[in-house]
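Engineer: Note that the sequence shown covers residues 15 to 112 in this note's numbering. Glycine included, C-beta positions come from ideal geometry on N, C-alpha and C. No experiment lies behind these values; they were computed from the predicted model shown.
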Amino acid sequence: CGDYNEASTFLDLLTSNNGNNDSKYANPEYDALLAQAKTAANTQPLYTQAEEMLARDLPIIPIYFYTNTFLLSPQIKGWPVNNVQQNWYGKDLYITAN
């Protein structure tokens, strides 16, 4: 699964030789795009092409994605709002005065 907030952690799952490619999707053009992205200075255009390819080929149909809901006081700061795995650590949190 994608384990941090970077596109390749999700996109790599569908490369031909990935052991987690349960769909058995195999597309040499897709594999080449992701290989090129590993050394590219600007990965975004390559990831966009790869995502468009997946949208066209539909090797998987994601039905849902796990979500978590949190109630958080506005006084709590340091909460990781863009954390894909929803991990948080008390050492990063602090309380501010009203």
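Rounded to whole angstroms, how far is the Cβ of Ala64 from the Cβ of Leu47, which I believe are closer than 8 angstroms?
Structural biologist: Locating residue 64 in the sequence shown gives position 50, counting from the first residue. Locating residue 47 in the sequence shown gives position 33, counting from the first residue. Contact holds; Cβ gap of about 5 angstroms.
Engineer: Take Lys105 as the anchor and find which of Ile90, Asn96 and Asn112 has the nearest alpha-carbon.
Structural biologist: Within the sequence shown, residue 105 is the residue found at index 91, counting from 1. When each option's Cα is compared against that of Lys105, the closest is Ile90.
Engineer: Do three or more CB pairs link the stretch 28 to 39 to the stretch 71 to 78 at distances below 8 angstroms?
Structural biologist: Because the criterion of three Cβ pairs below 8 angstroms is met, the stretch 28 to 39 and the stretch 71 to 78 touch.
Engineer: Below 8 angstroms on the Cβ atoms is my guess for Pro97 versus Asn19; work out the distance and round it to an integer in Å.
Structural biologist: As a working mapping, residue 97 is identified with position 83 in the sequence shown. As a working mapping, residue 19 is identified with position 5 in the sequence shown. Pro is not the amino acid found at residue 97; the sequence shown has Asn there. Confirmed, about 7 angstroms.
Engineer: What are the complete alpha helix (DSSP H) segments, minimum 4 residues, inside the stretch 22 to 81?
Structural biologist: Segments of the alpha helix (DSSP H) lying fully in the stretch 22 to 81: 22 to 25, 42 to 51 and 58 to 71.
Engineer: Given this structure, state the Cα-to-Cα distance separating Tyr103 from Leu85, to the nearest angstrom.
Structural biologist: For the purposes of this step, residue 103 is taken as the residue at position 89 of the sequence shown. For the purposes of this step, residue 85 is taken as the residue at position 71 of the sequence shown. Taking the straight line joining both Cα atoms gives about 16 angstroms.
Engineer: According to DSSP, Tyr108 sits in a beta bridge with which residue or residues?
Structural biologist: Taking the first residue of the sequence shown as position 1, residue 108 is located at position 94. DSSP output for Tyr108 lists Lys91 as bridge partner(s).
Engineer: How many Å lie between Ser87 and Asp26 at the Cα?
Structural biologist: Locating residue 87 in the sequence shown gives position 73, counting from the first residue. Locating residue 26 in the sequence shown gives position 12, counting from the first residue. One C-alpha to the other measures close to 37 angstroms.
Engineer: Quick one: measure Cβ to Cβ for Tyr61 and Ala111, integer angstroms, because I've assumed they're closer than 8 angstroms.
Structural biologist: Taking the first residue of the sequence shown as position 1, residue 61 is located at position 47. Taking the first residue of the sequence shown as position 1, residue 111 is located at position 97. Incorrect: roughly 42 angstroms between the Cβ atoms, too far for contact.
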